[in-house]
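**Student:** Letter by letter, the sequence shown follows residues 1267 to 1736 in the numbering used here.
Here you go, one structure.
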Amino acid sequence: MISDRESPHGQWSTSLVFVLAAAGSAVGLGNIWKFPYIAGEYGGGAFVLVYLFCIVMIGIPIMVAEITLGRRGRQSPVNSLRTLAQDEGRSQAWTIIGWMGLLTGFLILSFYSVVGGWSLAYVLYAALGAFSEADASDTAALFEALQESPWTLLAWHTLFMAIVFAIVARGVRRGLERALDFLMPLLFLLLIILVGYGLVSGNMAAAVSFMFRPDVSMLTGEAILVAMGHAFFTLSLGMGAIMVYGAYLPKRSSIGKTTLSIAGIDTLVAMLAGLAIFSIVFSLDISPAEGPGLLFVALPTAFGNMPGGTFFGFVFFALVSVAAVTSGISILEPVVAYAVEKSGWTRPVVAALVSLVIWTIGIGALLSFNLWEGFAPLGFLADVPRLWFLEPLTGLNIFDLLSWTTGQLLLPLGGILIALFAGWKLSQPSLREELPMSEDLFTAWLVAVRVVAPIAVLIVLLNGLGILRF
Ligand code: PFF
Ligand code: NA
1267 MISDRESPHG
1277 QWSTSLVFVL
1287 AAAGSAVGLG
1297 NIWKFPYIAG
1307 EYGGGAFVLV
1317 YLFCIVMIGI
1327 PIMVAEITLG
1337 RRGRQSPVNS
1347 LRTLAQDEGR
1357 SQAWTIIGWM
1367 GLLTGFLILS
1377 FYSVVGGWSL
1387 AYVLYAALGA
1397 FSEADASDTA
1407 ALFEALQESP
1417 WTLLAWHTLF
1427 MAIVFAIVAR
1437 GVRRGLERAL
1447 DFLMPLLFLL
1457 LIILVGYGLV
1467 SGNMAAAVSF
1477 MFRPDVSMLT
1487 GEAILVAMGH
1497 AFFTLSLGMG
1507 AIMVYGAYLP
1517 KRSSIGKTTL
1527 SIAGIDTLVA
1537 MLAGLAIFSI
1547 VFSLDISPAE
1557 GPGLLFVALP
1567 TAFGNMPGGT
1577 FFGFVFFALV
1587 SVAAVTSGIS
1597 ILEPVVAYAV
1607 EKSGWTRPVV
1617 AALVSLVIWT
1627 IGIGALLSFN
1637 LWEGFAPLGF
1647 LADVPRLWFL
1657 EPLTGLNIFD
1667 LLSWTTGQLL
1677 LPLGGILIAL
1687 FAGWKLSQPS
1697 LREELPMSED
1707 LFTAWLVAVR
1717 VVAPIAVLIV
1727 LLNGLGILRF
C-alpha cells in the first residue's frame, strides 16, 4: 500500500528545512531555561545521565515513530491518527493520541508563553543596560521585581502570544522557513561564546563535575520521572508537535537521519547552556538549586561584568526569545491545523481564537508568581483517600501544575501510545515504506517502540508517582 497523500497545509521544501523547523521546535526554553534549573534542583550528575539515557533509549525511537505517523497521515495529529487507523483496519480509539495532544498543547503553551515573556523582558533589560556591573544579588532582585508585578508579566506574556499567533496565522512554512536558517546557528555561536566566557572567568571545572559526576544518592523516583519527562518535553515529543511537522516532510527524506540531527542539536544546546550557566553559578554566590530564576539570575550577572556584556546580553536574550517563539509555534500548530481542518474557518481566525484561550490560561500561570503564589487548585484532593496517588499535585500552584501534568504525565503517556500504535498497529509493509533503513536498525527500532520504550516509560511513571515502588 503506497501512501502518496499530500498535506493540505503545504510541505517543507527540503529535509534540511524540516530539520531546522523541528530543531526550532525542540530547541527552546526547555534547553536554556528548564534543563539547567531542574538539573540544578535534582543535584546534577545522576539526573543528567538519566536524562541523556532517556533521550537515546526512549526519545529517539519515539521521535522516529512520531514523524512516521505524521508523514503517513499528512494531516493534523487527530486526523492523521484517524486516517491511519482506518487504512490499517484499527480501532478509531487511537485518535485519543491526537486529542490528548491537543489538550497538552493548550496546557504547555499557556505556561511556556509566560516564561517566553520573561525572556522578551530580558531583551529590553539588556538593551537598557540593566545588568551593567550587577552582582548576583542585583540580578536576583531584578528577577524578583519582574515576578512580583502581575501587570508587567501580563504585558510580556501578551506580547509573546501575539508573536506566536502572528506567525502561525500566516502558515508555518511561510512564517518559519526563512527566519530559521540563520538564527539557529547564531544561537549556537552565542552559547559557545558563553561557554568560552565560563571557561575563562567562571568555574568550569566545578560545572563539569556537577553536571557529569553522578551522585546516585540523589536519584529518587521523582528525579527519574522528572528527567524522563524532560526528555519528552525537550524533544517536543508525545503531543503531536513533531508529528504535525512530520506531516509536511517530503517523501524522500530519511526519518532516521533527520531524527538523529534533531536530537543531537537539542542535546548539544542543553549541554552548552548547562555548562555556561553552571560555570557562572559556581564562581558566584548563586545556588544551583535557585529554581526557575536560575538562567535569569546567573547569565545577566556574567553579562554585567564582561566586556561588551550589554551587547552580548541583548543578542543572547533575543536569541532565547526566538528559540522560544519557534517552539511556541510548534505547540500551537497541531491545534490550529486540526481546527482549520475541522471548522473550515481561515487560519488567522482559528489561530486567534485558540491563542485567546491559551492566553487566558496563561494568566493563571503568571499569577502563580505573585497574587496566587500559594493557591493550590487541587489542594482539596488531599482529603480524598482514594486519590492518594495524586498527592504530589495537591500542593502545586497553577504554573507548577501546568508544567507537572504535562511534563510528568501527559507527554510520557502520549509517548507510550505513539510508540505502541506505530510499533504494533501499523503493518510492516507500511513501516518499511516509511523507514527504508537497514534490516538490523529497523528491528532494533521495532523492539524499542514495541517493548522497551513503553515498558520503561510506564515503570518510571508508576514509580515516580508512587503508585508502585520498584
Ligand atoms: N521542546 C521545547 C523546548 O525544549 O523548549 C518545548 C516544547 C515544544 C514542548 C513543543 C512540547 C512541544 F510539543
Ligand atoms: Na528542547
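Idealized CB from N, CA, C, for every residue including glycine.
Note that the coordinates shown come from a computational prediction; the quantities given were computed from them, not determined experimentally.
By how many angstroms is the C-alpha of Phe1377 removed from the C-alpha of Glu1414?
**Tutor:** For Glu1414 and Phe1377, the distance between alpha carbons rounds to 16 angstroms.
**Student:** Suppose the cutoff is 7 angstroms on Cβ atoms and the five residues either side in sequence are ignored; what does the same chain contact list for Leu1457 look like?
**Tutor:** The residues are Val1535, Leu1538, Ala1539, Ala1542.
**Student:** Mind checking which residues open and close the alpha helix (DSSP H) that includes Leu1679?
**Tutor:** Where Leu1679 is concerned, the enclosing alpha helix (DSSP H) stretches over 1677-1686.
**Student:** Of all the options Phe1499, Met1703, Phe1708, Ile1521, which has the alpha carbon lying nearest to the alpha carbon of Leu1677?
**Tutor:** Nearest of Phe1499, Met1703, Phe1708, Ile1521 to Leu1677, Cα basis: Phe1499.
**Student:** What did DSSP end up calling Asn1636 once you bin it into helix, strand or coil?
**Tutor:** DSSP places Asn1636 in coil when its eight states are reduced to three.
**Student:** Is any heavy atom in the ligand NA found nearer than 7 angstroms to the beta carbon of Ser1493?
**Tutor:** The identity of residue 1493 in the sequence shown is Ala, whereas the question assumes Ser. No, the ligand NA has no heavy atom inside 7 angstroms of this Cβ.
**Student:** Take Leu1375 as the anchor and find which of Ser1596, Leu1647, Val1492, Leu1728 has the nearest alpha-carbon.
**Tutor:** Measuring from the Cα of Leu1375, the nearest candidate turns out to be Ser1596.
**Student:** With hydrogens ignored, establish whether the beta-carbon of Thr1533 is closer than 7 angstroms to any heavy atom of the ligand PFF.
**Tutor:** Not under cutoff, so the answer is no.
**Student:** Using the Cβ count rule (16 or more neighbours within 10 Å means buried), how would you classify Trp1360?
**Tutor:** Under this definition Trp1360 is a buried residue.
**Student:** Report yes if the C-beta distance between Leu1701 and Thr1334 is below 8 angstroms; otherwise report no.
**Tutor:** Result yes, Cβ atoms of Leu1701 and Thr1334 sit closer than 8 angstroms.
**Student:** Do the stretch 1648-1663 and the stretch 1404-1422 make contact, defined as three or more Cβ pairs closer than 8 angstroms?
**Tutor:** The stretch 1648-1663, when compared against the stretch 1404-1422, does not touch it at the 8 angstroms Cβ threshold.
**Student:** Can you grab the Cα-Cα spacing for the pair Ile1725 / Phe1736, in whole Å?
**Tutor:** Approximately 8 angstroms between the Cα atoms of the pair.
**Student:** Could you tell me if the beta carbon of Val1293 falls within a distance shorter than 7 angstroms of some heavy atom in the ligand NA?
**Tutor:** Result yes, Cβ under 7 angstroms from the ligand NA.
**Student:** What does the alpha-carbon distance come out to for the pair Val1283 and Ile1733?
**Tutor:** Rounded to whole angstroms, Val1283 to Ile1733 spans 43 angstroms at the Cα level.
**Student:** Taking all protein chains shown into account, decide if Thr1709 is buried (16 or more other Cβ within 10 angstroms of its Cβ) or exposed.
**Tutor:** Counting Cβ neighbours within 10 Å, Thr1709 comes out exposed, since fewer than 16 surround it.
**Student:** With a CB to CB cut of under 6 angstroms and the five nearest residues on each side skipped, what residues in its chain are close to Ile1429?
**Tutor:** So the qualifying residues of the chain are Val1591.
**Student:** By the 10 Å Cβ neighbour count, where 16 or more other Cβ atoms means buried, how is Lys1517 classified, buried or exposed?
**Tutor:** It is exposed - the Cβ of Lys1517 has fewer than 16 other Cβ atoms within 10 Å.
**Student:** So, are the CB atoms of Ala1555 and Glu1332 less than 8 angstroms apart?
**Tutor:** In this structure, Glu1332 does not lie closer than 8 angstroms to Ala1555 by Cβ.
**Student:** Who are the near neighbours of Leu1465 in its chain, counting only those whose CB is closer than 8 angstroms to its CB and skipping five residues on each side?
**Tutor:** Excluding sequence neighbours, Leu1465 sits near Ser1545.
**Student:** If I measure Cβ to Cβ from Leu1503 and keep anything under 7 angstroms in the same chain, skipping five residues before and after, which residues do I get?
**Tutor:** Cβ within range, chain order: Gly1325, Ile1328, Met1329, Glu1332, Leu1677, Gly1681.
**Student:** Going by C-alpha to C-alpha distance, which of Val1293, Ala1312, Val1389 sits closest to Leu1565?
**Tutor:** Considering only alpha carbons, the answer is Val1389.
**Student:** By Cβ distance below 8 angstroms, which residues in the same chain neighbour Phe1548 in space, the five residues on each side in sequence not counted?
**Tutor:** The residues are Gly1468, Asn1469, Ala1472, Ala1473, Phe1476, Pro1554.
**Student:** Can you give the Cα-Cα distance for Arg1652 and Leu1707, rounded to whole angstroms?
**Tutor:** When rounded, the distance between both Cα atoms is 45 angstroms.
**Student:** Would Glu1607 and Ser1342 qualify as a contact pair, given that the criterion is a beta-carbon distance under 8 angstroms?
**Tutor:** Their beta carbons are under 8 angstroms apart, which means Glu1607 touches Ser1342 by this criterion.
**Student:** Using 7 angstroms as the cut-off, classify the Cβ of Gly1336 as near or not near the heavy atoms of the ligand NA, replying yes or no.
**Tutor:** Checking every heavy atom of the ligand NA against the Cβ of Gly1336, none is found closer than 7 angstroms.
**Student:** Am I right that Ala1589 and Ile1298 are in contact with their C-beta atoms under 8 angstroms? What's the rounded C-beta distance?
**Tutor:** The pair is a contact, with the Cβ atoms about 7 angstroms apart (cut-off 8 angstroms).
**Student:** What residue range does the alpha helix (DSSP H) around Ser1346 cover?
**Tutor:** That run of the alpha helix (DSSP H) goes 1343-1353.
**Student:** Going by C-alpha distance, which of Leu1619, Leu1368, Trp1417 is nearest Ala1507?
**Tutor:** Checking every option, the nearest Cα to that of Ala1507 belongs to Leu1368.
**Student:** With respect to 7 angstroms, is the separation between the Cβ of Ala1393 and the closest non-hydrogen atom of the ligand PFF below this value?
**Tutor:** False, no ligand heavy atom lies under 7 angstroms from that Cβ.
**Student:** Looking at Thr1500 and the ligand NA, is the gap between the Cβ and the nearest heavy atom below 7 angstroms?
**Tutor:** Thr1500 Cβ: within cutoff of the ligand NA.
**Student:** If contacts are defined as beta-carbon pairs under 8 angstroms, then Thr1533 and Ile1321 qualify, I think. What distance do you get, rounded to the angstrom?
**Tutor:** Confirmed, Cβ separation roughly 6 angstroms.
**Student:** Count the other CB atoms, across all protein chains shown, that sit within 10 Å of the CB of His1275; report buried if there are 16 or more and exposed otherwise.
**Tutor:** Buried, by the Cβ-count rule.
**Student:** Check each candidate in Thr1567, Ala1393, Ala1497 and name the one with the smallest Cα separation from Tyr1463.
**Tutor:** When only C-alpha atoms are compared, the closest one is Thr1567.
**Student:** Cβ of Leu1419 within 8 angstroms of Cβ of Leu1632?
**Tutor:** For Leu1419 and Leu1632, yes; Cβs fall inside 8 angstroms.
**Student:** Sorted by chain position, which residues of the same chain lie with C-beta nearer than 6 angstroms to Met1703's C-beta, five sequence neighbours on each side aside?
**Tutor:** Closer than 6 angstroms at Cβ, skipping near neighbours: Gly1522.
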